[in-house]
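Novice: Take a look at the following structure, please.
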Amino acid sequence: MRPPTVAELAARHARSAPYAYLDERSKREVRRAILKALCIPGRQVPFASREMPIARGWGSGGLQVTLSCVGPGDVVKVIDQGDDGSFNAAAMRELIGSSADARTTTRTAEATLIQSRHRIPELPLRADQLLILQLPHPEPLRRVVSDPRRAARLHEAGDYTAAWLDLYDDEARHGAPRSGADHPVLVDRRALASPSPVPRHDVLRLSDRPHPILLGAGRLERIVAIPPHTDVRPLAFDDRPLRPEAFGGSCSRCGSETSYRVERELGGGRWECSDTDACAERRRGREAPT
Amino acid sequence: MYATVQASERLIAASRSLIGAAGAPATAPGLELLRDQVCAEAGVWAPEAAARALRQARGDVGRAVTLVRVWAATLPAHAAEPCDDASVRITRRVSAAFADIPGGQWLGSSPDFDSRLLDWGEADESPAAVLDGAGGAANGDPAGTGAPRRTALGRVGGLLRAAPGVGVAEPRDPGDGPDPFDEPLGSNPTREARQAALARGETGALVALANVALAGRREAVAGELCVGVAELCVPHPRSGRPVRVAEVPVSEATVCGDAEVDGTAGFALGFGISAGRVERRALAAAVIDATLEAGAPVGGLAELPALAAVDGLATSGFVDHLRLPHFASFASYLDRVRNPEGPR
Numbered sequence: 001m002r003p004p005t006v007a008e009l010a011a012r013h014a015r016s017a018p019y020a021y022l023d024e025r026s027k028r029e030v031r032r033a034i035l036k037a038l039c040i041p042g043r044q045v046p047f048a049s050r051e052m053p054i055a056r057g058w059g060s061g062g063l064q065v066t067l068s069c070v071g072p073g074d075v076v077k078v079i080d081q082g083d084d085g086s087f088n089a090a091a092m093r094e095l096i097g098s099s100a101d102a103r104t105t106t107r108t109a110e111a112t113l114i115q116s117r118h119r120i121p122e123l124p125l126r127a128d129q130l131l132i133l134q135l136p137h138p139e140p141l142r143r144v145v146s147d148p149r150r151a152a153r154l155h156e157a158g159d160y161t162a163a164w165l166d167l168y169d170d171e172a173r174h175g176a177p178r179s180g181a182d183h184p185v186l187v188d189r190r191a192l193a194s195p196s197p198v199p200r201h202d203v204l205r206l207s208d209r210p211h212p213i214l215l216g217a218g219r220l221e222r223i224v225a226i227p228p229h230t231d232v233r234p235l236a237f238d239d240r241p242l243r244p245e246a247f248g249g250s251c252s253r254c255g256s257e258t259s260y261r262v263e264r265e266l267g268g269g270r271w272e273c274s275d276t277d278a279c280a281e282r283r284r285g286r287e288a289p290t
Numbered sequence: 291m292y293a294t295v296q297a298s299e300r301l302i303a304a305s306r307s308l309i310g311a312a313g314a315p316a317t318a319p320g321l322e323l324l325r326d327q328v329c330a331e332a333g334v335w336a337p338e339a340a341a342r343a344l345r346q347a348r349g350d351v352g353r354a355v356t357l358v359r360v361w362a363a364t365l366p367a368h369a370a371e372p373c374d375d376a377s378v379r380i381t382r383r384v385s386a387a388f389a390d391i392p393g394g395q396w397l398g399s400s401p402d403f404d405s406r407l408l409d410w411g412e413a414d415e416s417p418a419a420v421l422d423g424a425g426g427a428a429n430g431d432p433a434g435t436g437a438p439r440r441t442a443l444g445r446v447g448g449l450l451r452a453a454p455g456v457g458v459a460e461p462r463d464p465g466d467g468p469d470p471f472d473e474p475l476g477s478n479p480t481r482e483a484r485q486a487a488l489a490r491g492e493t494g495a496l497v498a499l500a501n502v503a504l505a506g507r508r509e510a511v512a513g514e515l516c517v518g519v520a521e522l523c524v525p526h527p528r529s530g531r532p533v534r535v536a537e538v539p540v541s542e543a544t545v546c547g548d549a550e551v552d553g554t555a556g557f558a559l560g561f562g563i564s565a566g567r568v569e570r571r572a573l574a575a576a577v578i579d580a581t582l583e584a585g586a587p588v589g590g591l592a593e594l595p596a597l598a599a600v601d602g603l604a605t606s607g608f609v610d611h612l613r614l615p616h617f618a619s620f621a622s623y624l625d626r627v628r629n630p631e632g633p634r
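From first to last, the protein sequence lines stand for chains A and B.
Okay, so the first sequence: first residue is 1 according to this note's numbering, each after it adds one.
Okay, so the second sequence: first residue is 291 according to this note's numbering, each after it adds one.
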């Protein structure tokens, strides 16, 4: 089927509010930044972030990327910490779905656009799916280089000495990097980037994926992209690989021992998958007659 | 206290009489300056929308600013003509640097002569006695004092530059400042872009940063502080001729800060401007600008982090986001703390 033209979309939309909330000029600004970001993997591309009906720092960047990509044929999933039910995720899913006339879902496999905060969905994504991550701090050097102007120059020169020294300091004094989530990654072996505050479990799952990953920072007005099949590896010394999180037990709901799990209560011993759909999918698979 | 008005009870009385001269405020009575502040921080001069936003935000200024800006972000944007100094009607202009300043001191409506004691005597139904500047945008000279146009006054910066033996740092080329609506600040903002960021800065952050900047300066004096009403024109869509579409009260300040000019003591001139009549905003912005023009950090912050710190919607949004769930990311850090060495 021929894809609809903009005029047809507008006619079908038949509302005074712009399709997918953002006006076309704003969408073009975001799309240009996305295309540029895809051409220079892992680099921070500035864009004029619009004021969104959610607060800055609440996913306004991810939301703008999603709204600039979504079409009426898309199926949208929004998760926060892996959970579709989180109130901020639910609010954005409702906004995207209603303003773009797009179907929404909580099923990872059904979605064409997945906007996420702090997690990479655990079910494998296909090449026709687009993953959009909310990015609070696009600058991976921010803890070691306080002046963003200097950080930009270091990126140009590919000079990540400060980040390596910081890592060495952590290894020497603590035996491991102190980063919990948001461990910096080298994209395409060149650009140091923030993977957004995804746990190390997810940092290790970023490389060579069949789908693009778009990271939107609305508050700090940057877009970063990881094209499909890009080499992404955590900043780590060869003999000191990044260690994923350890868990105190299997998921109390689906029994998984490989998923990313969160303890419901500190020291309570009850662990649960943070990706609620993957957990439900595993339970569905177990119940279904084979 | 301004030298030229120090002894004149008559002037003080005249200044007081201007307070509330606007008559009944169109919107929230007694909150005109708050409404101005919301407009200034939103970067949108829309007093009615600001008053509505303040009501709907139940007085939370940050939230009201968000409401106005989110609303404005969905409207089409048209570039205005550069504001013509000749169209700016001055309602107040004082210099703390020179008692006799060319063009004269115009006290206008000054908050400085009003008591800071809470008045319990005002009647509940009467509008509160508020400092409403010269009484609304369209009412530039209610007292008929014959206050001049901006062009008639000259600027303190020119005065200093013309003085023999006074070194004034070359202002950074203003550059073609992008409208923050169109373009992000970028890593090397022009001075105009800096001004745009400061003009819509969050008031508390501007004042806090100006204070830490002042603590590290040798000199900072308000060369002049002006409040006036500026006419805004856009080109007519058919004829292209400028058409007046709005009158916006503005406050602007020039601060003379210390700087090293050609190896000797001199001045760096800082400029600050804000929509509305909250003078503190313009003064604070001018102090920050003077500090950056002198090549100094603002309280230890380089220019970009300083500008980021006054971006009220970003800062309040980010602090507010801490109440969102962080179960997955916090668990990751908790794992670091509980298993520091890790299974190697």
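Beta carbons are placed, not taken as given, at the ideal position from N, Cα and C, and that holds for glycine.
(1) Using a Cβ-Cβ cutoff of less than 7 Å, which residues in the same chain neighbour B:Tyr623 once the five nearest sequence positions on both sides are dropped?
(2) In the DSSP assignment, what residue or residues form a beta bridge with A:Ile223?
(3) In chain order, what residues of the same chain have a beta carbon less than 6 Å from the beta carbon of B:Gly506, not counting five sequence neighbours either side?
(4) In angstroms with no decimal places, state the Cα-to-Cα distance between A:Leu214 and A:Pro140.
(5) If you reduce the DSSP assignment to three classes, tell me which class A:Gln81 lands in.
(6) Please report the distance separating the alpha-carbon of B:Ala341 from that of B:Leu324.
(7) Can you list, in chain order, the residues of the stretch 144–177 of chain A whose Cβ is nearer than 9 Å to any Cβ on chain B?
(8) What is the rounded straight-line gap between the Cα of A:Cys296 and the Cα of A:Glu265?
(9) Have a look at A:Pro72 and A:Thr108 and give me their C-alpha separation to the nearest angstrom.
(10) I'd like to check one pair, A:Leu22 with A:Thr66: are the Cβ atoms closer than 7 Å?
(11) Using the C-alpha atoms, what's the distance from A:Ala217 back to A:Pro53?
(12) Residues in the same chain with beta-carbon distance under 7 Å from B:Asp552, minus the five sequence neighbours each way, listed in chain order, please.
(13) Quick one: list the residues of chain A neighbouring B:Gly607, beta-carbon separation under 8 Å, in chain order.
(14) If we ignore side chains and look at the alpha-carbon of each, how far apart do A:Glu156 and A:Ala191 end up?
(15) Mind pulling the alpha helix (DSSP H) runs of 4 or more residues that sit fully within the stretch 341–394 of chain B?
(16) Give the range of the beta strand (DSSP E) segment to which A:Cys251 is assigned.
(17) Where does B:Val497 fall in DSSP's three states?
(18) So, for B:Ser405: in the same chain, excluding its five sequence neighbours on each side, which residues have a beta-carbon less than 6 Å away from its beta-carbon?
(19) Taking 7 Å as the CB-CB cut-off, is A:Ser274 touching chain B?
(20) Of the residues that make up the stretch 470–487 of chain B, which ones have a beta carbon closer than 9 Å to any beta carbon in chain A?
(21) Out of A:Arg189, A:Ala181 and A:Gly97, which has the shortest C-alpha to C-alpha gap to A:Tyr160?
(22) Between the C-alpha atoms of B:Val524 and B:Pro372, what's the straight-line distance to the nearest angstrom?
(23) Hey, A:Pro46 and A:Arg153: beta-carbon distance below 7 Å or not?
(24) Give me the subset of the stretch 61–90 of chain A whose CB atoms are less than 8 Å from a CB atom of chain B, sorted by chain position.
(25) Nearest-angstrom Cα distance between B:Ala316 and A:Glu263?
(26) Ordered along the chain, which non-local residues of its own chain (more than five positions away) have a Cβ less than 6 Å from that of B:Ala500?
(27) Does the beta-carbon distance from A:Leu131 to A:His211 come in below 7 Å?
(28) Can you tell me the Cα-Cα spacing of B:Asp625 and A:Phe247, whole angstroms?
(29) 7 Å is my cut-off, CB to CB: does B:Ala574 come that close to chain A?
(30) For A:Val75 and A:Thr105, which I take to be in contact (beta-carbon distance under 8 Å), what is that distance rounded to the nearest angstrom?
(31) Quick check on the DSSP output: what are the complete alpha helix (DSSP H) runs of length 4 or more inside the stretch 492–570 of chain B, in order along the chain?
(32) Report yes if the CB atom of B:Ala489 is closer than 7 Å to the CB atom of B:Ala599, and no otherwise.
(33) Which class does B:Pro401 belong to by DSSP, given the choice of helix, strand or coil?
(34) Measuring CB to CB, does B:Ala370 end up less than 7 Å from B:Leu522?
(35) Quick one: grab the DSSP three-state call for A:Gln64.
(36) Whole angstroms is fine: what's the gap from A:Arg270's alpha carbon to A:Tyr168's?
Specialist: Reading off the structure:
(1) none
(2) A:Val45 and A:Gly216
(3) none
(4) 16 Å
(5) coil
(6) 9 Å
(7) Ser146, Asp147, Pro148, Arg149, Arg150, Ala151, Ala152, Arg153, His174, Gly175, Ala176 and Pro177
(8) Outside the shown range of chain A (1 to 290) lies residue 296 of chain A, about which nothing can therefore be said.
(9) 18 Å
(10) no
(11) 15 Å
(12) Gly457
(13) Ala55, Arg56, Gly57, Trp58, Ser60 and Arg219
(14) 9 Å
(15) 351–363
(16) Where A:Cys251 is concerned, there is no enclosing beta strand (DSSP E), given that its DSSP letter is neither H nor E.
(17) helix
(18) none
(19) yes
(20) Pro470, Phe471, Asp472, Glu473, Pro474, Leu475, Gly476, Ser477 and Asn478
(21) A:Arg189
(22) 9 Å
(23) no
(24) Asp80, Gln81, Gly82, Asp83, Ser86 and Asn88
(25) In this prediction, B:Ala316 has a pLDDT of 44, which is less than 50 and means its spatial position is unreliable; what the coordinates show is noted afterwards. If you take the alpha carbons of B:Ala316 and A:Glu263, they lie about 56 Å apart.
(26) Ala574, Val577 and Ile578
(27) yes
(28) 8 Å
(29) no
(30) 5 Å
(31) 493–505
(32) no
(33) helix
(34) yes
(35) helix
(36) 35 Å
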